[in-house]
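Peer 1: Our numbering runs 26 ahead of the 1-based position in the sequence shown.
Every residue gets a Cβ at the ideal spot worked out from N, C-alpha and C, and that includes glycine.
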Amino acid sequence: MDQAPYTPPQNPTSPAPEKSSAGPIIGAVIVIVILALGALYFWGAQLNEAPEELPLIPGDAPTGEEWAPSGSGSDEAAAIESDLDATDMAAFEAQMEADLRAIEAEL
27 MDQAPYTPPQ NPTSPAPEKS SAGPIIGAVI VIVILALGAL YFWGAQLNEA PEELPLIPGD
87 APTGEEWAPS GSGSDEAAAI ESDLDATDMA AFEAQMEADL RAIEAEL
C-alpha cells in the first residue's frame, strides 16, 4: 500500500476584494429618506388635527340668525310654547331652502 504523504489543503490565493464605499452611502440615503417620510407623515397628521373653525375673538359678538327670535331662556312649558308661537316659520324655511341651494350649488 502506497500512501501519499499528507499534504495540507492549499487555499487558493484570490486577490483581495476591492472595498467599495457605495454600501454606506446607499444606507445613509435610505435612512435619510425614511426620516423625511416620517417627518412628512407627522406633519400631515398635525395638519389634520388643526381645528377648521376659527377661534372666538373676545369682544366679538356672535351673529345670530335673523329668523330666530330671541328666546325667553326659561324652561317652563308656557314660555317654550310662546317662543314657538313667536318663531317665524316662513323665514326659517326660507333660510333652510337658501342654505340647501347653496350646498347644492357647491356640489
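Quick check: what's the CA-CA separation for L73 versus S47?
Peer 2: Mapped onto the sequence shown, residue 73 falls at position 47. Mapped onto the sequence shown, residue 47 falls at position 21. Whole-angstrom Cα-Cα distance: 40 Å.
Peer 1: State the Cα-Cα distance for the pair Q59 and G53, rounded to the nearest angstrom.
Peer 2: Walking along the sequence shown from the start, residue 59 turns up at place 33. Walking along the sequence shown from the start, residue 53 turns up at place 27. In the sequence as displayed, the identity of residue 59 is Val instead of Gln. When rounded, the distance between both Cα atoms is 10 Å.
Peer 1: Go ahead and pull the three-state DSSP assignment for D111.
Peer 2: Here residue 111 corresponds to residue number 85 of the sequence shown, with the count starting at 1. Reduced to three states, the DSSP call for D111 is helix.
Peer 1: State the Cα-Cα distance for the pair A71 and G49, rounded to the nearest angstrom.
Peer 2: Residue 71 sits at position 45 when you count from the first residue of the sequence shown. Residue 49 sits at position 23 when you count from the first residue of the sequence shown. Cα atoms of A71 and G49: separation of roughly 33 Å, rounded to the nearest angstrom.
Peer 1: Per DSSP, what kind of secondary structure is L23 in: helix, strand or coil?
Peer 2: Missing from the structure shown is residue 23; the chain here goes from 27 to 133 and no further.
Peer 1: Quick one: Cα of E75 to Cα of L66, how far?
Peer 2: Position 49 of the sequence shown, counted from the start, is the residue given in the question as residue 75. Position 40 of the sequence shown, counted from the start, is the residue given in the question as residue 66. Each residue's alpha carbon lies about 14 Å from the other.
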